[in-house]
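A.B. asks: Sequential numbering of the sequence shown, starting at 1, is according to the UniProt record's numbering.
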Amino acid sequence: MITDIFLQKVDNEIANDGKKLIVNFFISFSRFECALKTSIVFANGDENKVEANWDRFVVSISQDFNPDISKELKEAVEYIIENPPKIQAIANKQLIWRARVFHQNTSDINKLCLHIRDIRNNLFHGGKFNGNYEPDISRNYILINSAIIILNAWLALNDSVKKDFVSSFN
1 MITDIFLQKV DNEIANDGKK LIVNFFISFS RFECALKTSI VFANGDENKV EANWDRFVVS
61 ISQDFNPDIS KELKEAVEYI IENPPKIQAI ANKQLIWRAR VFHQNTSDIN KLCLHIRDIR
121 NNLFHGGKFN GNYEPDISRN YILINSAIII LNAWLALNDS VKKDFVSSFN
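1. Out of curiosity, what's the CA-to-CA distance linking Ile148 and Ser28?
2. Pull up the CB-CB distance for Ser107 and Ser39, whole angstroms please, since I reckon it's below 8 Å.
3. Look at the alpha carbon of Glu33 and the alpha carbon of Ala52, and state the distance between them as a whole number of angstroms.
4. Check this for me: beta carbons of Val77 and Leu112, under 8 Å apart or not?
5. Pick from Ser160, Phe165, Leu143: whose alpha carbon is nearest that of Glu75?
6. Judging by CA-CA distance, which residue of Ile22, Tyr79, Lys37, Lys162 is the nearest neighbour of Asn121?
7. What is the rounded straight-line gap between the Cα of Arg100 and the Cα of Asp159?
8. Find out if the Cβ-Cβ distance for the pair Ile119, Pro67 is shorter than 8 Å.
9. Per DSSP, Gly45 forms a beta bridge with which residues?
10. Could you have a look at Arg117 and say whether DSSP puts it in helix, strand or coil?
11. With C-beta atoms as the reference, is Phe26 less than 8 Å away from Phe42?
Now the structure itself:
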């Protein structure tokens, strides 16, 4: 199968730590979105479609989110804010990477929320399956690891979403 050829390349080119990190991020991010929707409070939709309302969730935790509660969280937040993921665009009929542009008054927590979703999009849509994913040397590794640290901190700030996140699969 053609997919097997690509997956073999991924297996050969990305170290085990990087593959584990990518899987952990995908599972954690997906489960986070599921927990947001399951809470209903952080869901938008109707009988036709539902999606996670990240913005409402961020508003709900913004007063309690304190990156200074641990060195690990502070470093994760600083890394993503100072070295944000780029987003793909098209210029001159070519895919390019460009910086996300924010309004001047956008809060750091709102920036983090969008950057974490950009990290997910860049991975999910395949734009970041090149390069390496090794601890301490890879920007991709640090971005993904930082996003996981922040998601964990956010889970700790909402008991309902945390409960839905860790509940058994049904």
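From the three backbone atoms N, C-alpha and C, an ideal C-beta is built for every residue, glycine too. Just so you know, these numbers come straight off a predicted model, no measurement behind them.
C.D. replies: Answer, in terms of the structure:
1. Position 148 of the sequence shown, counted from the first residue, corresponds to residue 148. Position 28 of the sequence shown, counted from the first residue, corresponds to residue 28. If I take the Cα positions, the gap works out to 7 Å.
2. For the purposes of this step, residue 107 is taken as residue 107 along the sequence shown, with counting starting at 1. For the purposes of this step, residue 39 is taken as residue 39 along the sequence shown, with counting starting at 1. Not a contact, Cβ separation roughly 22 Å.
3. Counting from one through the sequence shown, the residue named residue 33 turns up at place 33. Counting from one through the sequence shown, the residue named residue 52 turns up at place 52. Each residue's alpha carbon lies about 6 Å from the other.
4. As a working mapping, residue 77 is identified with position 77 in the sequence shown. As a working mapping, residue 112 is identified with position 112 in the sequence shown. Contact flag set, yes.
5. Translated into positions along the sequence shown, residue 75 becomes position 75. For the residues Ser160, Phe165, Leu143, the minimum Cα distance to Glu75 belongs to Leu143.
6. Sequence index remark: in the sequence shown, residue 121 carries index 121 (1-based). When only C-alpha atoms are compared, the closest one is Ile22.
7. Sequence index remark: in the sequence shown, residue 100 carries index 100 (1-based). Sequence index remark: in the sequence shown, residue 159 carries index 159 (1-based). Cα to Cα, the separation comes out at about 31 Å.
8. Indexing the sequence shown from 1 puts residue 119 at position 119. Indexing the sequence shown from 1 puts residue 67 at position 67. With respect to Pro67, Ile119 sits apart: the two C-beta atoms are not nearer than 8 Å.
9. What you label residue 45 is simply residue 45 of the sequence shown in a count that begins at 1. Val50.
10. As a first step, residue 117 is located in the sequence shown; it is residue number 117 there, counting from the start. Under the three-state reduction of DSSP, Arg117 is assigned to helix.
11. Position 26 of the sequence shown, counted from the start, is the residue given in the question as residue 26. Position 42 of the sequence shown, counted from the start, is the residue given in the question as residue 42. No, they are not a contact pair.
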